[in-house]
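So the sequence lines, in the order shown, correspond to chains A and B. Just so we're aligned: 145 in this note's numbering is position 145 of the first sequence, and the numbers increase by one with no gaps anywhere. Just so we're aligned: 444 in this note's numbering is position 132 of the second sequence, and the numbers increase by one with no gaps anywhere.
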Amino acid sequence: MSKDHHHRWTRKHLLSLESLTADEIRHVLDTARSFTEVSRRSIKKVPALRGRVMVNLFFEDSTRTRTSFGLAAQRLSADVIDFSEKTSSTNKGETLVDTARNIEAMGVDIFVIRHQAAGAAETLARHVKASVINAGDGAHEHPTQGLLDLYTIRERFGKLVGLKVAIVGDIANSRVARSDLWGLKKMGAEVILVGPPTLLPRSFEQLGARVVHDFDQIIGEVDVVNMLRVQFERIKSSQFPSVREFTRLFGLTHDRFKRCKKDVFVMHPGPMNRGIEIQSEIADGPQSGILTQVANGVAVRMAALYLVTHAD
Amino acid sequence: MRTYYDQNDLKSVIERLTDAIAAAFPPGKPLAIIGIRTRGDTLANRIVALLGKRGYPRIPQGTLDITLYRDDLTSMGPKPMVRSTEIDFDINGIPLLLVDDVLFTGRSVRSAMNALVDFGRPSAIRLAVLVDRNGRELPIAADFAGLTLRDVPADHRVNVRFVEDDNVDEIVVEPK
Numbered sequence: 001m002s003k004d005h006h007h008r009w010t011r012k013h014l015l016s017l018e019s020l021t022a023d024e025i026r027h028v029l030d031t032a033r034s035f036t037e038v039s040r041r042s043i044k045k046v047p048a049l050r051g052r053v054m055v056n057l058f059f060e061d062s063t064r065t066r067t068s069f070g071l072a073a074q075r076l077s078a079d080v081i082d083f084s085e086k087t088s089s090t091n092k093g094e095t096l097v098d099t100a101r102n103i104e105a106m107g108v109d110i111f112v113i114r115h116q117a118a119g120a121a122e123t124l125a126r127h128v129k130a131s132v133i134n135a136g137d138g139a140h141e142h143p144t145q146g147l148l149d150l151y152t153i154r155e156r157f158g159k160l161v162g163l164k165v166a167i168v169g170d171i172a173n174s175r176v177a178r179s180d181l182w183g184l185k186k187m188g189a190e191v192i193l194v195g196p197p198t199l200l201p202r203s204f205e206q207l208g209a210r211v212v213h214d215f216d217q218i219i220g221e222v223d224v225v226n227m228l229r230v231q232f233e234r235i236k237s238s239q240f241p242s243v244r245e246f247t248r249l250f251g252l253t254h255d256r257f258k259r260c261k262k263d264v265f266v267m268h269p270g271p272m273n274r275g276i277e278i279q280s281e282i283a284d285g286p287q288s289g290i291l292t293q294v295a296n297g298v299a300v301r302m303a304a305l306y307l308v309t310h311a312d
Numbered sequence: 313m314r315t316y317y318d319q320n321d322l323k324s325v326i327e328r329l330t331d332a333i334a335a336a337f338p339p340g341k342p343l344a345i346i347g348i349r350t351r352g353d354t355l356a357n358r359i360v361a362l363l364g365k366r367g368y369p370r371i372p373q374g375t376l377d378i379t380l381y382r383d384d385l386t387s388m389g390p391k392p393m394v395r396s397t398e399i400d401f402d403i404n405g406i407p408l409l410l411v412d413d414v415l416f417t418g419r420s421v422r423s424a425m426n427a428l429v430d431f432g433r434p435s436a437i438r439l440a441v442l443v444d445r446n447g448r449e450l451p452i453a454a455d456f457a458g459l460t461l462r463d464v465p466a467d468h469r470v471n472v473r474f475v476e477d478d479n480v481d482e483i484v485v486e487p488k
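Next comes the structure, spelled out in structure tokens:
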């Protein structure tokens, strides 16, 4: 068989992991792997997107995702424009499309969009000619975070099939949890969602996850613990008894860490609430992949930018 | 025009190419070899093995993926998989021998040179190809060629196949 790899990539947009096939996910991860080499060069730049323009269209605060996309685009020699706007209008859909079309008229090739409304990226993709990458839409999805989590786990274990991954915390409000869940299931891993019933409805079982409300019940059997950030800004007080209570029941404490598998891999999408969902020493310890996730994020986003602009 | 070269022909073409390289770079003089993925890399492996048999000390060898440097990606059919470049030695100040299977338009070589200058400043870049065919679109020429074909019709391709990549050793001139 020929070793020439000619995969067809047909997607002009990257909107969710739910919509990708396992082969497509594998293709992004393999492409990302090739891009990690660029970040190790003395000149960390290739001309693949020279002359293209990427716009970071952020309607919600974000530092690392925006920076990560910006750096990824620059390593591919694209030009980067940052556009941030906090919207207060109730008619957000219309504002979004109008804003994007105005920016597009200046000559834009890729929109990277973060918005508080689920489905915002998809709406945008229907109304612009440029490629659209979803950088987080409400509690719906955050596909590049999902892909970089898959990438980081695959690099650590050499595979995804058969691994047991716990995603812990505020599942209901988490787009990261949803993207991780779709991606991990498609790639053959087992997903255990852990959180209080108020932040983890049983309905997640329909998406193929095990739903557990007692962290200690599964702590010793998982290969990966992905600790989600407690999103104080999204939580209604009735869902969340107290911070101390949350840490006692669902935090990755020293006591729980001791009961994990010896080679457990600890992840967190950031930014961390140190001492709340995760103890500092664990986050900074040898089994933490947190900074590796951030580093891999650049390569994964380079792959995403490259692929959506080179779709067949 | 001859359109088929079998495994024995291919072997002697590589031998001839290696002779020419050896004459220009005697053992002990600095040299590093960079193969352009995929078949230029395979050819580089074969040349290095032959030079090894002739008593050359270990020659630093790297692999170049030029996908990200191509100027024709948007007009291509199925896009090639982006693969990594592996050059784990310092290319500054040493002569580099760039190796590819077929020299046609010259665009791959241009892309390869653009990629190489991102890694440093070699003292010289020389080009070795298995087949030097007509059809250049850029002012680029091979320093070493195993086989020169001057009248391949424009609508024909020269396909080099290696056992390592394609399970067969052959050179075929065939319609696109």
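Ideal Cβ placement from N, Cα and C applies to all residues, glycine included. No experiment lies behind these values; they were computed from the predicted model shown.
In the DSSP secondary-structure assignment, N320 of chain B is not bridged to any residue. The C-beta of Y151 of chain A comes no closer than 8 Å to any C-beta of chain B. The beta carbon of A48 of chain A sits closer than 8 Å to some beta carbon of chain B.
Annotation: K12 of chain A to Y381 of chain B spans about 21 Å, alpha carbon to alpha carbon.
A Cβ-Cβ distance of about 27 Å is found for the pair R433 of chain B and V414 of chain B, leaving them out of contact under the 8 Å criterion. The alpha-carbon separation between S68 of chain A and P47 of chain A amounts to approximately 18 Å. Approximately 5 Å separates the beta-carbon atoms of A299 of chain A and A32 of chain A; this is inside 8 Å, confirming the contact. In the DSSP assignment, V161 of chain A forms no beta bridge with any residue.
The alpha carbon of E24 of chain A has as its nearest neighbour, out of A:V211, A:G162, A:K186, A:L96, the alpha carbon of A:K186. The shortest CA-to-CA distance from G374 of chain B to any of B:P392, B:K391, B:V394, B:I348 is the one to B:I348. According to DSSP, residue pairing for S280 of chain A in a beta bridge does not occur.
Annotation: Cβ neighbours of E37 of chain A in chain B (cutoff 8 Å, chain order): S396, T397, E398. Chain order gives no chain A residues near Y316 of chain B, where near means a beta carbon separation below 9 Å; the closest approach is about 19 Å.
Among the CB atoms of chain B, none fall inside 8 Å of the CB of D137 of chain A. A contact between stretches requires three or more CB pairs, one per stretch, nearer than 8 Å, and the region 260 to 267 of chain A fails this requirement with the region 32 to 41 of chain A.
Within the same chain, and ignoring the five residues on either side of V429 of chain B in sequence, no residue has its Cβ closer than 6 Å to its Cβ.
Below the 8 Å Cβ cutoff, chain B contributes D430, F431 as neighbours of I43 of chain A, in chain order.
With its beta carbon at least 8 Å from every one in chain B, S131 of chain A lies outside the interface.
Spatial neighbours of I278 of chain A in its own chain (CB-CB distance under 8 Å, excluding positions within 5 residues in sequence) are listed in chain order as M227, G251, L252, V266, H268, M272. For D312 of chain A, at least one C-beta of chain B is nearer than 8 Å to its own C-beta. For T247 of chain A, same chain residues with a beta-carbon under 8 Å away, outside a window of 5 residues either side, are T253, G275, I276, E277 in chain order.
Taken through DSSP and simplified to helix, strand or coil, L15 of chain A comes out as coil. Under the Cβ criterion of 8 Å, D377 of chain B is counted among the residues facing chain A. By the rule that beta-carbons nearer than 8 Å mark a contact, K488 of chain B does not touch chain A. Per the Cβ contact rule, the region 180 to 200 of chain A is in contact with the region 211 to 218 of chain A (3 or more Cβ pairs under 8 Å).
At least 8 Å separates the CB of L355 of chain B from every CB of chain A.
Ranked by Cα distance from T63 of chain A, the first of A:R114, A:K44, A:R52, A:L29 is A:R114. I43 of chain A is classed as exposed because its beta carbon has fewer than 16 other beta carbons within 10 Å across all chains shown.
Straight-line spacing of the CA atoms in V475 of chain B and I399 of chain B works out to 24 Å. Not one beta carbon of chain A lies nearer than 8 Å to the beta carbon of L408 of chain B. Under the 10 Å beta carbon count, E281 of chain A is surrounded by fewer than 16 other beta carbons and is classified as exposed.
Around Y381 of chain B, the beta-carbon contacts reaching into chain A at under 9 Å are V46, P47, A48. By the CB criterion at 8 Å, V470 of chain B and G458 of chain B fall outside the cutoff.
Straight through space, the alpha carbons of F416 of chain B and V325 of chain B are spaced by roughly 18 Å. Take the alpha-carbon of D79 of chain A and the one of M54 of chain A: they are about 6 Å apart. In this structure the region 335 to 349 of chain B does not lie against the region 96 to 116 of chain A, because fewer than three pairs of beta carbons, one per stretch, are closer than 8 Å.
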